[in-house]
Amino acid sequence: MDRDDLAGRVIGAAIAVHKHLGPGLLESAYETCLAIELRHLGIPFERQKILPITYRDEDINDAYRIDFVINNELILELKAVETLMPIHTAQTLTYLRLANIKTALLINFNVPLLRDGIKRLSL
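Everything in the sequence shown is counted per the numbering used here, starting at 48 for the first residue and increasing by one.
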């Protein structure tokens with residue numbers, strides 16, 4: 048499956064979760080339900096994937112955790128905030144660069160219509 052098809056399936060899964068739960072919950076609730084939905088759809092993923100970094104020749108193994116890495120080719124970063132801020136985009140772009148992945152979806156579940164909370168990012 049190509050990256051666009053994969054992104055479309057992941058967006059569909061997120062929409063299903065949002066339709067069922069609605070806005071206003073904590074990010075962790077959406078993350079857990081999305082993991083169930085992705086598993087149900089047979090989409091391979093890693094949840095809370097540790098992203099190590101190196102600083103001054105020292106490895107920091109628990110520096111960051113990516114919400115989801117989908118099929119080793121798509122980062123999925125979840126938020127449940129009033130408004131996506133530039134720092135959320137910067138964080139996701141940094142994850143892309145450090146993980147050497149080309150595409151990410153930044154999804155804010157705290158919106159009335161989920162399509163208004165989805166931002167696709169690429170390097």
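Don't be surprised by glycine CBs; every beta carbon is placed ideally from N, CA and C.
Owing to the predicted nature of the structure, the values given are computational and were not obtained by experimental measurement.
- As summarised for the region 83-153, the continuous beta strand (DSSP E) elements at least 3 residues long and confined to that stretch are 92-102, 105-117, 121-126, given in chain order.
- Counting of Cβ neighbours within 10 angstroms places Tyr102 among the exposed residues, the total staying below 16.
- Remark: C-beta atoms of Asp114 and Glu124 approach each other more closely than 7 Å.
- DSSP places Leu73 in the coil class of the three-state scheme, outside both helix and strand.
- Relative to the Cα of Thr136, the nearest Cα in the group Leu170, Glu105, Leu88, Val158 belongs to Leu170.
- A contact is defined here as three or more CB-CB pairs under 8 Å, and the region 157-166 meets this definition with respect to the region 57-67.
- With fewer than 16 other Cβ atoms from the protein chains shown falling within 10 Å of its own Cβ, Asn108 counts as exposed.
- Rounded to the nearest angstrom, the gap between the Cα atoms of Thr79 and Ile154 is 14 Å.
- Taken through DSSP and simplified to helix, strand or coil, Leu168 comes out as strand.
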